[in-house]
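In this note's numbering, the protein residues as written are 85 to 380.
Here is the structure we will look at, set down as C-alpha coordinates.
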Amino acid sequence: MVSYEKVEDTFFEYFDGMYIRALITAEDELTVKQAAYDSTATPSAVIGRVEAGVEKFVGPDETPDGRPGAIVQFWLTDDLEKFERELSYRIRQDILVKPFTSVFSVTENPVGSIGMMDKVGHCGDGYEWEFEEYGRKMINVPIAVPDFKIESELEYAEGIMGGNFWYLCSTKEAVLEAGRIIIDTIAEIDGTCTPFGICSAASKPETNFPWIGPSTNHPYCPSLKDRLGDESKVPEGVNYIPEIVINAVDEESMNLAIKSAIDAIIDIDGVVGISAGNFDGKLGEHTANLLDILNG
(Lines of atoms letter the chains of each structure in order from A and count residues from 1; the text may use other names and numbers.)
(Lines give C-alpha, C1' and ligand atoms only; values in the text may rest on other atoms or scores of the structure.)
Protein backbone atom coordinates (compact mmCIF):
# COMPACT_ATOMS: atom_id res chain seq x y z
CA MET A 1 0.00 0.00 0.00
CA VAL A 2 1.28 3.47 -0.88
CA SER A 3 2.19 5.70 2.05
CA TYR A 4 1.25 9.38 1.76
CA GLU A 5 3.44 10.68 4.60
CA LYS A 6 5.26 12.92 2.11
CA VAL A 7 2.02 14.56 0.95
CA GLU A 8 1.09 17.93 2.44
CA ASP A 9 -2.49 18.34 3.63
CA THR A 10 -3.31 21.08 1.15
CA PHE A 11 -5.49 21.83 -1.85
CA PHE A 12 -5.35 23.13 -5.38
CA GLU A 13 -7.74 25.39 -7.25
CA TYR A 14 -9.24 24.64 -10.62
CA PHE A 15 -11.51 26.29 -13.16
CA ASP A 16 -14.41 25.53 -15.45
CA GLY A 17 -13.46 25.50 -19.11
CA MET A 18 -14.54 24.53 -22.60
CA TYR A 19 -12.59 22.02 -24.62
CA ILE A 20 -12.46 20.54 -28.08
CA ARG A 21 -11.09 17.02 -28.31
CA ALA A 22 -9.72 16.60 -31.83
CA LEU A 23 -8.09 13.72 -33.67
CA ILE A 24 -5.20 14.49 -36.02
CA THR A 25 -4.24 11.84 -38.57
CA ALA A 26 -1.46 11.63 -41.15
CA GLU A 27 0.35 9.14 -43.34
CA ASP A 28 3.05 8.38 -40.77
CA GLU A 29 3.64 8.61 -37.02
CA LEU A 30 6.38 11.24 -37.30
CA THR A 31 4.07 13.71 -39.06
CA VAL A 32 1.33 12.99 -36.53
CA LYS A 33 3.71 13.74 -33.66
CA GLN A 34 4.95 16.95 -35.25
CA ALA A 35 1.41 18.20 -35.87
CA ALA A 36 0.23 17.20 -32.40
CA TYR A 37 3.14 18.75 -30.53
CA ASP A 38 3.30 21.90 -32.67
CA SER A 39 -0.42 22.62 -32.37
CA THR A 40 -0.40 22.19 -28.58
CA ALA A 41 2.97 23.80 -27.88
CA THR A 42 1.83 26.99 -26.16
CA PRO A 43 -0.27 26.52 -23.00
CA SER A 44 -1.43 30.09 -22.70
CA ALA A 45 -4.96 30.34 -21.29
CA VAL A 46 -3.65 32.70 -18.61
CA ILE A 47 -3.02 35.32 -21.29
CA GLY A 48 -6.33 34.77 -23.08
CA ARG A 49 -5.14 32.32 -25.72
CA VAL A 50 -6.16 28.71 -26.37
CA GLU A 51 -4.48 26.25 -24.00
CA ALA A 52 -3.72 22.83 -25.44
CA GLY A 53 -2.15 19.46 -24.77
CA VAL A 54 -1.64 16.03 -26.28
CA GLU A 55 -3.92 13.44 -24.70
CA LYS A 56 -2.56 10.32 -26.41
CA PHE A 57 -1.43 8.74 -29.65
CA VAL A 58 -3.59 6.09 -31.32
CA GLY A 59 -3.09 3.43 -33.97
CA PRO A 60 -4.69 3.10 -37.40
CA ASP A 61 -7.36 0.78 -35.99
CA GLU A 62 -8.67 3.66 -33.86
CA THR A 63 -9.04 6.35 -36.55
CA PRO A 64 -11.75 6.92 -39.19
CA ASP A 65 -9.28 6.89 -42.09
CA GLY A 66 -7.13 3.98 -40.90
CA ARG A 67 -4.00 6.08 -40.36
CA PRO A 68 -1.85 6.86 -37.30
CA GLY A 69 -3.37 9.55 -35.11
CA ALA A 70 -3.13 11.75 -32.05
CA ILE A 71 -5.93 12.95 -29.81
CA VAL A 72 -5.31 16.53 -28.71
CA GLN A 73 -7.27 18.89 -26.48
CA PHE A 74 -7.82 22.62 -27.01
CA TRP A 75 -9.14 24.65 -24.06
CA LEU A 76 -10.46 28.11 -23.24
CA THR A 77 -12.28 29.41 -20.18
CA ASP A 78 -15.00 31.33 -22.02
CA ASP A 79 -15.89 33.36 -25.13
CA LEU A 80 -16.70 31.14 -28.10
CA GLU A 81 -15.75 33.82 -30.63
CA LYS A 82 -12.26 34.02 -29.16
CA PHE A 83 -12.10 30.21 -29.00
CA GLU A 84 -12.85 29.97 -32.73
CA ARG A 85 -10.24 32.57 -33.63
CA GLU A 86 -7.46 31.24 -31.42
CA LEU A 87 -8.15 27.63 -32.37
CA SER A 88 -7.96 28.50 -36.05
CA TYR A 89 -4.39 29.77 -35.59
CA ARG A 90 -3.35 26.41 -34.13
CA ILE A 91 -4.98 24.46 -36.94
CA ARG A 92 -3.87 26.67 -39.83
CA GLN A 93 -0.30 27.25 -38.74
CA ASP A 94 0.55 23.94 -37.09
CA ILE A 95 -1.58 21.17 -38.65
CA LEU A 96 -2.75 22.25 -42.12
CA VAL A 97 0.86 22.93 -43.17
CA LYS A 98 1.94 19.34 -42.40
CA PRO A 99 1.65 16.92 -45.38
CA PHE A 100 -1.45 14.76 -45.74
CA THR A 101 -3.04 15.72 -42.40
CA SER A 102 -6.72 15.49 -41.46
CA VAL A 103 -8.63 16.60 -38.37
CA PHE A 104 -11.73 14.95 -36.90
CA SER A 105 -13.96 15.85 -33.96
CA VAL A 106 -13.89 13.23 -31.17
CA THR A 107 -15.43 15.23 -28.31
CA GLU A 108 -17.76 13.10 -26.20
CA ASN A 109 -20.98 14.51 -24.74
CA PRO A 110 -20.68 17.82 -26.62
CA VAL A 111 -22.77 20.86 -25.73
CA GLY A 112 -22.13 22.70 -29.00
CA SER A 113 -19.83 23.02 -31.99
CA ILE A 114 -17.64 25.53 -33.81
CA GLY A 115 -17.79 25.71 -37.60
CA MET A 116 -14.46 25.32 -39.38
CA MET A 117 -15.30 26.88 -42.76
CA ASP A 118 -15.01 30.57 -41.91
CA LYS A 119 -11.53 30.64 -40.33
CA VAL A 120 -9.98 27.38 -41.57
CA GLY A 121 -11.81 26.18 -44.67
CA HIS A 122 -11.39 29.51 -46.43
CA CYS A 123 -7.63 28.93 -46.49
CA GLY A 124 -8.66 27.39 -49.82
CA ASP A 125 -9.34 30.96 -51.02
CA GLY A 126 -12.82 30.08 -52.22
CA TYR A 127 -11.78 26.85 -53.96
CA GLU A 128 -12.48 24.67 -50.88
CA TRP A 129 -15.41 22.29 -50.92
CA GLU A 130 -17.50 20.22 -48.57
CA PHE A 131 -17.99 16.48 -48.94
CA GLU A 132 -18.98 13.44 -46.90
CA GLU A 133 -16.52 10.72 -45.93
CA TYR A 134 -16.29 8.19 -43.08
CA GLY A 135 -19.86 9.12 -42.18
CA ARG A 136 -18.75 12.69 -41.45
CA LYS A 137 -19.26 16.06 -43.11
CA MET A 138 -15.80 17.25 -44.10
CA ILE A 139 -14.11 20.29 -45.69
CA ASN A 140 -11.40 19.78 -48.31
CA VAL A 141 -8.87 22.64 -48.39
CA PRO A 142 -6.86 22.47 -51.64
CA ILE A 143 -3.17 23.05 -50.92
CA ALA A 144 0.08 22.41 -52.78
CA VAL A 145 0.55 18.95 -51.27
CA PRO A 146 -3.03 17.76 -51.77
CA ASP A 147 -5.00 18.19 -49.59
CA PHE A 148 -5.92 19.16 -46.01
CA LYS A 149 -9.20 17.74 -44.71
CA ILE A 150 -11.07 18.80 -41.59
CA GLU A 151 -14.46 17.96 -40.16
CA SER A 152 -16.80 20.85 -40.84
CA GLU A 153 -17.82 21.20 -37.18
CA LEU A 154 -15.55 20.61 -34.19
CA GLU A 155 -17.68 19.89 -31.14
CA TYR A 156 -16.92 21.31 -27.70
CA ALA A 157 -17.87 20.26 -24.18
CA GLU A 158 -17.43 21.55 -20.64
CA GLY A 159 -14.54 20.35 -18.50
CA ILE A 160 -12.08 21.49 -15.86
CA MET A 161 -8.72 23.24 -16.12
CA GLY A 162 -5.80 23.88 -13.83
CA GLY A 163 -5.76 20.86 -11.53
CA ASN A 164 -2.22 20.64 -10.22
CA PHE A 165 0.30 19.21 -7.82
CA TRP A 166 3.94 19.90 -7.01
CA TYR A 167 6.57 17.22 -6.48
CA LEU A 168 9.34 18.66 -4.33
CA CYS A 169 12.80 17.38 -5.21
CA SER A 170 16.30 17.44 -3.79
CA THR A 171 18.07 16.53 -7.06
CA LYS A 172 17.90 17.39 -10.75
CA GLU A 173 17.74 13.70 -11.54
CA ALA A 174 14.51 13.34 -9.54
CA VAL A 175 12.91 16.29 -11.36
CA LEU A 176 13.42 14.63 -14.74
CA GLU A 177 12.96 10.97 -13.81
CA ALA A 178 9.78 11.53 -11.81
CA GLY A 179 8.46 14.09 -14.28
CA ARG A 180 8.75 11.74 -17.23
CA ILE A 181 7.04 8.97 -15.30
CA ILE A 182 4.24 11.38 -14.37
CA ILE A 183 3.67 12.48 -17.98
CA ASP A 184 3.66 8.87 -19.22
CA THR A 185 1.29 7.81 -16.43
CA ILE A 186 -1.22 10.58 -17.08
CA ALA A 187 -1.11 9.81 -20.81
CA GLU A 188 -2.73 6.48 -19.95
CA ILE A 189 -5.77 8.25 -18.46
CA ASP A 190 -8.37 9.00 -21.13
CA GLY A 191 -9.72 12.53 -21.17
CA THR A 192 -6.71 14.19 -19.53
CA CYS A 193 -3.75 16.20 -20.73
CA THR A 194 -0.76 17.99 -19.21
CA PRO A 195 -0.45 21.24 -21.20
CA PHE A 196 2.82 22.34 -19.56
CA GLY A 197 4.51 18.94 -19.30
CA ILE A 198 7.07 19.24 -16.50
CA CYS A 199 6.45 22.87 -15.56
CA SER A 200 9.35 24.66 -13.90
CA ALA A 201 7.65 28.04 -13.45
CA ALA A 202 4.78 28.12 -10.98
CA SER A 203 3.16 31.55 -11.14
CA LYS A 204 1.04 33.85 -9.03
CA PRO A 205 -1.80 36.15 -10.11
CA GLU A 206 -0.43 39.37 -8.63
CA THR A 207 2.66 40.88 -10.25
CA ASN A 208 4.87 43.94 -10.20
CA PHE A 209 4.73 43.98 -14.01
CA PRO A 210 1.06 43.54 -15.02
CA TRP A 211 1.71 43.97 -18.73
CA ILE A 212 3.48 40.58 -18.85
CA GLY A 213 0.72 38.63 -17.08
CA PRO A 214 1.37 36.12 -14.28
CA SER A 215 4.89 36.20 -12.84
CA THR A 216 7.02 33.91 -10.71
CA ASN A 217 5.62 32.60 -7.42
CA HIS A 218 8.63 34.01 -5.62
CA PRO A 219 8.15 32.44 -2.14
CA TYR A 220 8.59 29.03 -3.78
CA CYS A 221 11.75 29.86 -5.75
CA PRO A 222 14.67 27.91 -4.20
CA SER A 223 17.22 30.41 -5.54
CA LEU A 224 15.51 33.19 -3.52
CA LYS A 225 15.49 31.32 -0.22
CA ASP A 226 18.37 33.23 1.40
CA ARG A 227 17.29 36.55 -0.10
CA LEU A 228 13.69 36.24 1.16
CA GLY A 229 14.46 34.91 4.62
CA ASP A 230 11.26 34.23 6.55
CA GLU A 231 9.14 35.05 3.50
CA SER A 232 10.47 31.97 1.69
CA LYS A 233 8.19 28.92 1.75
CA VAL A 234 10.75 26.49 0.33
CA PRO A 235 11.13 23.56 2.78
CA GLU A 236 14.53 22.48 4.04
CA GLY A 237 16.25 20.06 1.67
CA VAL A 238 14.14 21.10 -1.32
CA ASN A 239 16.04 22.47 -4.30
CA TYR A 240 13.44 22.16 -7.06
CA ILE A 241 9.64 22.52 -7.11
CA PRO A 242 8.28 21.35 -10.49
CA GLU A 243 4.54 21.60 -11.10
CA ILE A 244 2.22 19.33 -13.06
CA VAL A 245 -0.92 21.00 -14.45
CA ILE A 246 -3.81 18.81 -15.55
CA ASN A 247 -6.87 19.60 -17.68
CA ALA A 248 -9.56 16.96 -17.79
CA VAL A 249 -12.95 16.27 -19.25
CA ASP A 250 -14.38 15.71 -15.76
CA GLU A 251 -13.44 15.60 -12.08
CA GLU A 252 -13.22 11.81 -11.99
CA SER A 253 -10.61 11.75 -14.76
CA MET A 254 -8.62 14.55 -13.13
CA ASN A 255 -8.58 12.80 -9.75
CA LEU A 256 -7.54 9.49 -11.30
CA ALA A 257 -4.69 11.20 -13.15
CA ILE A 258 -3.44 12.90 -9.97
CA LYS A 259 -3.62 9.77 -7.85
CA SER A 260 -2.02 7.55 -10.50
CA ALA A 261 0.81 10.01 -11.08
CA ILE A 262 1.61 10.57 -7.41
CA ASP A 263 1.48 6.85 -6.66
CA ALA A 264 3.94 6.25 -9.50
CA ILE A 265 6.64 8.64 -8.23
CA ILE A 266 6.23 9.07 -4.50
CA ASP A 267 8.98 6.59 -3.62
CA ILE A 268 11.55 7.77 -6.18
CA ASP A 269 14.85 8.83 -4.62
CA GLY A 270 15.07 12.59 -4.51
CA VAL A 271 11.32 13.19 -4.36
CA VAL A 272 11.01 14.53 -0.83
CA GLY A 273 7.45 15.85 -0.80
CA ILE A 274 4.18 16.45 -2.61
CA SER A 275 2.22 19.68 -2.42
CA ALA A 276 0.03 21.86 -4.65
CA GLY A 277 -0.38 25.42 -5.82
CA ASN A 278 -3.20 27.51 -4.44
CA PHE A 279 -4.02 31.09 -3.58
CA ASP A 280 -6.08 30.57 -0.43
CA GLY A 281 -9.05 29.65 -2.60
CA LYS A 282 -9.32 33.17 -4.00
CA LEU A 283 -8.40 32.40 -7.60
CA GLY A 284 -10.00 29.16 -8.77
CA GLU A 285 -13.71 28.53 -8.97
CA HIS A 286 -13.30 25.14 -7.25
CA THR A 287 -10.90 23.55 -4.76
CA ALA A 288 -9.82 19.95 -4.18
CA ASN A 289 -7.78 18.49 -1.31
CA LEU A 290 -4.82 16.32 -2.32
CA LEU A 291 -5.17 13.81 0.51
CA ASP A 292 -8.89 13.43 -0.17
CA ILE A 293 -8.10 12.50 -3.76
CA LEU A 294 -5.33 10.08 -2.77
CA ASN A 295 -7.34 8.38 -0.05
CA GLY A 296 -10.66 8.44 -1.90
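Note that CB positions come from ideal geometry on N, CA and C, so glycine has one too.
Could you tell me whether the region 219-237 touches the region 263-272, using the rule of 3 or more Cβ pairs below 8 Å?
-> The answer is no - the region 263-272 does not touch the region 219-237, with fewer than three Cβ pairs under 8 Å.
In the DSSP assignment, what residue or residues form a beta bridge with Ala241?
-> According to DSSP, Ala241 bridges with Tyr103.
By Cβ distance below 7 Å, which residues in the same chain neighbour Tyr121 in space, the five residues on each side in sequence not counted?
-> Listed in chain order, the non-local C-beta contacts of Tyr121 below 7 Å within the same chain comprise Val138, local neighbours out to five positions each way being set aside.
Hey, is the region 152-171 in contact with the region 304-321, meaning 3+ C-beta pairs nearer than 8 Å?
-> A contact between stretches requires three or more CB pairs, one per stretch, nearer than 8 Å, and the region 152-171 fails this requirement with the region 304-321.
In the region 205-273, which residue ranges form an unbroken alpha helix (DSSP H) of at least 4 residues, counting only runs that do not cross its ends?
-> Runs of the alpha helix (DSSP H) inside the region 205-273: 256-270.
Are the region 219-228 and the region 296-306 touching by the rule of at least three beta carbon pairs closer than 8 Å?
-> No, the region 219-228 is not in contact with the region 296-306.
Distance between Val329 and Ala258 (C-alpha atoms, nearest Å) | Here the alpha carbon of Ala258 sits roughly 18 Å from the alpha carbon of Val329.
How about Glu212 and Pro226: are their beta carbons less than 8 Å apart?
-> If you check the CB distance, Glu212 and Pro226 come in under 8 Å.
Compare the Cα-Cα distances from Leu367 to each of Asp100, Tyr88, Val86 and report the closest residue.
-> The shortest Cα separation from Leu367 among Asp100, Tyr88, Val86 belongs to Asp100.
Where Leu160 falls: helix, strand or coil (DSSP) = Assigned with DSSP and collapsed to three states, Leu160 falls in strand.
Taking 8 Å as the threshold, find out whether the region 240-259 comes into contact with the region 291-303 through three or more Cβ pairs.
-> Counting Cβ pairs under 8 Å, fewer than three are found: no touch.
Enumerate in chain order the residues of its own chain whose CB-to-CB distance from Asn362 is below 8 Å, with the five nearest sequence positions on each side excluded.
-> These residues qualify, in order along the chain: Thr94, Phe95, Phe96, Glu97, Gly368, Thr371.
Give the C-beta separation of Trp250 and Ile325 to the nearest angstrom, bearing in mind that I take them to be a contact with Cβ-Cβ under 8 Å.
-> In this structure Trp250 touches Ile325 by the C-beta definition: roughly 5 Å separates them, less than 8 Å.
Let me know the secondary structure DSSP gives Val142 once reduced to three states.
-> Here Val142 sits in strand by DSSP.
Met85 classed as buried or exposed, judged by whether at least 16 other C-beta atoms fall within 10 angstroms | Burial is judged here by how many other beta carbons sit within 10 angstroms of a residue's own beta carbon; Met85 has fewer than 16 and is exposed.
Whole-angstrom C-beta distance between Thr185 and Thr126, which should lie under 8 Å = Not quite, the Cβ-Cβ distance comes to about 19 Å (not below 8 Å), so this is no contact.
Reference Ala345; option with closest CA among Gly247, Arg169, Asp310 = Among Gly247, Arg169, Asp310, the Cα nearest to that of Ala345 belongs to Gly247.
Can we count Trp250 as close to the ligand ATP, meaning its CB is less than 7 Å from some heavy atom?
-> This structure lacks the ligand ATP, and indeed carries no ligand of any kind.
Since Asn339 is in the alpha helix (DSSP H), which residue starts that stretch and which ends it?
-> Start and end: 335-349.
Of the residues Glu168, Val134, Val181, Gly199, the one placed nearest Phe158, counting alpha carbons only = Scanning Glu168, Val134, Val181, Gly199 for the CA closest to the CA of Phe158 turns up Val134.
For Gly196 versus Tyr103, is the C-beta distance shorter than 8 Å?
-> Going by C-beta atoms, Gly196 is not nearer than 8 Å to Tyr103.
Between Ile392 and Val91, is the Cβ-Cβ spacing less than 8 Å?
-> As displayed, the chain neither begins before 85 nor continues past 380, which places residue 392 out of reach and without an answer.
Which value, in whole angstroms, describes the spacing of the CA atoms of Asp145 and Thr109?
-> Each residue's alpha carbon lies about 12 Å from the other.
Taking all protein chains shown into account, decide if Thr276 is buried (16 or more other Cβ within 10 angstroms of its Cβ) or exposed.
-> With 16 or more other Cβ atoms within 10 Å, it is buried.
Assign Ile296 to one of three DSSP states: helix, strand, or coil.
-> It is helical.
Evaluate Ser189 with the Cβ neighbour count: other Cβ atoms within 10 Å of its Cβ, from every protein chain shown; 16 or more gives buried, anything less gives exposed.
-> Ser189 should be labelled buried.
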